[in-house]
Amino acid sequence: MKARDILKFFSAKRILLPISIGLIISFYLISRNIKGLSGIDWSSVSLFWLFVSLCMMVIRDLAYMYRIRVLTDGQISWRNSFDTIMLWEFASAITPSVVGGSGVAVYIVHKEGVALGRSTAVVMVTALLDELFYIIMVPIVIGFVGIANLFPVAMDKSIFGISIGTAEIFVLGYIFIVLLTLIISLAVFVAPLTFKKILKKIFSISFLSKWKEIATQTGDDIITTSKELKGKSLMFWFKAFGATICSWTARFWMVNFIILSFTSVTVGDHFGIYARQLVMWVIMLISPTPGGSGVAEFIFSGFLKDFIPFGLSVMMAFLWRLLSYYPYLLIGSIVLPSWIRRTFYGRKLIRFKR
């Protein structure tokens, strides 16, 4: 991949599309709830909690930066890890949630001087750690709040002729995440060669054969990741997962603080808000729009309206996206040119020191 290929991926069209979708949906929802906005009280308390919510995003990104330094054994500096994370988030923001930006992320890490095999391992492990956090947190949080009031939005979908609602979508999504994480973990840490052989046999079937090359590459990536992670210490995993907990907790707490900016929230409400965000996250994963644009605004208003004063849910959804999504489009656009100059024309690849 060359510099022009990167610029083509991060094209103005890709950037403007999610912005346009998000803003159109936001303004549409706001126009339908314009009367409720008169109740907003922009007091010093509101501004303080909005500042705290912004701090959560800073903590989230610092945790991501620390994690990538841990996973590369400090090969990427703090300064360069900032560029890496911003461009990684940038890629995720302009690709559909169901696709994600992992492929570009591997290349971004690789261009920071990390060998390709190690870059693949880094991206794969970050995904595993993220899924592990979710798998552990769901039963813990739901254990506090219960499941009765977890699904305020009806989202009936038909899959293979079977109608399922929000609760079923969440359960199926959770089970899928658990199974996928289990399979990949076993493949990486237990039997990478066997996993590759199974993949090749499955995709040798006639109607699946057109994806055989992709499946083979996936098997190779699993083997590479397994080799790269072999012998890692308990402290390595403690640091990596600790950073994951900090980043995701800050991501979810941001919403809690935005809501706290305009209304009083009890401890029980905070757990309820957190729990519903866990459900929202699964639904946003299947969003066909770049970065969940449009879908995220609708989901926020529907899932969290019970904790928000009447008429303010749309504005809070807009503030949420304004603080947690649009900055990555802006920062990524600013970082990209200097990153290309530095990584394509500034230095040669430095191999990972074992």
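So the number in the working numbering is just where the residue sits in the sequence shown, counting from 1, plus 9.
All C-beta atoms, glycine included, are put in the ideal place defined by N, C-alpha and C.
Note that the structure is predicted; figures quoted are calculated from it, not measured.
Can you round the beta-carbon distance between residue i and residue j to whole angstroms, since I take them to be within the 8 Å contact cut?
i: L332; j: L63; result: 6 Å
i: I268; j: I282; result: 6 Å
i: S302; j: I24; result: Contact flag wrong, Cβ pair sits at about 11 Å.
i: L421; j: V131; result: Look at the range of the chain in this structure, 10 to 363, and you will see that residue 421 is not part of it.
i: S128; j: V118; result: 4 Å
i: I317; j: T272; result: 6 Å
i: L338; j: F99; result: 7 Å
i: R76; j: A252; result: 4 Å
i: V154; j: F280; result: 5 Å
i: F198; j: S235; result: 7 Å
i: L238; j: A224; result: So it is not a contact: roughly 21 Å between Cβ atoms.
How would you label residue i, buried or exposed, when you count the other beta carbons within 10 angstroms and need 16 or more for buried?
i: K373; result: There is no way to answer for residue 373, as the model of the chain reaches only from 10 to 363.
i: P27; result: buried
i: E222; result: exposed
i: Q286; result: buried
i: R78; result: buried
i: A157; result: exposed
i: D315; result: exposed
i: W51; result: exposed
i: G311; result: buried
i: F19; result: buried
i: M244; result: exposed
i: R350; result: exposed
i: W97; result: buried
i: R88; result: exposed
i: F327; result: buried
i: A21; result: exposed
i: I178; result: buried
i: Y354; result: exposed
i: I214; result: exposed
Over what stretch of residues does the alpha helix (DSSP H) that includes residue i continue unbroken?
i: K248; result: 243–269
i: A287; result: Checking the sequence shown, residue 287 turns out to be Leu, not Ala. Segment 276–294, the alpha helix (DSSP H) holding L287.
i: G228; result: 221–238
i: F198; result: 175–198
i: A305; result: 304–312
i: L338; result: 335–354
i: L208; result: 201–211
Hey, is residue i close to the ligand MG, as in C-beta under 7 Å from one of its heavy atoms?
i: I156; result: Within the structure as shown, the ligand MG is missing, as the structure has no ligands at all.
Is residue i close to chain D? Criterion is C-beta to C-beta, closer than 8 Å.
i: I149; result: Among the chains of the structure shown, chain D does not appear; only one protein chain is present.
What alpha helix (DSSP H) runs, 4 residues minimum, are completely inside the segment 45–127? Listed in chain order, the complete alpha helix (DSSP H) runs (minimum 4 residues) inside the segment 45–127 are 53–80, 87–102, 111–120.
Please determine if the segment 91–106 and the segment 204–219 are in contact, where contact requires at least 3 C-beta pairs separated by less than 8 Å. No: fewer than three Cβ pairs fall under 8 Å.
If contact is defined by three or more beta carbon pairs under 8 Å, each pair taking one atom from either stretch, is the segment 181–200 in contact with the segment 127–143? Counting C-beta pairs with one atom in each stretch, the segment 127–143 and the segment 181–200 have three or more that are closer than 8 Å, which means they touch.
Is the segment 63–79 touching the segment 257–265, taking contact as three or more C-beta pairs under 8 Å? They touch, by the three-pair rule.
Give a yes or no on contact between the segment 120–131 and the segment 76–91, applying the rule of three or more CB pairs nearer than 8 Å. Touching, yes, given that three or more Cβ pairs across the two stretches are closer than 8 Å.
Do three or more CB pairs link the segment 339–353 to the segment 87–96 at distances below 8 Å? At 8 Å Cβ cutoff, the stretches touch.
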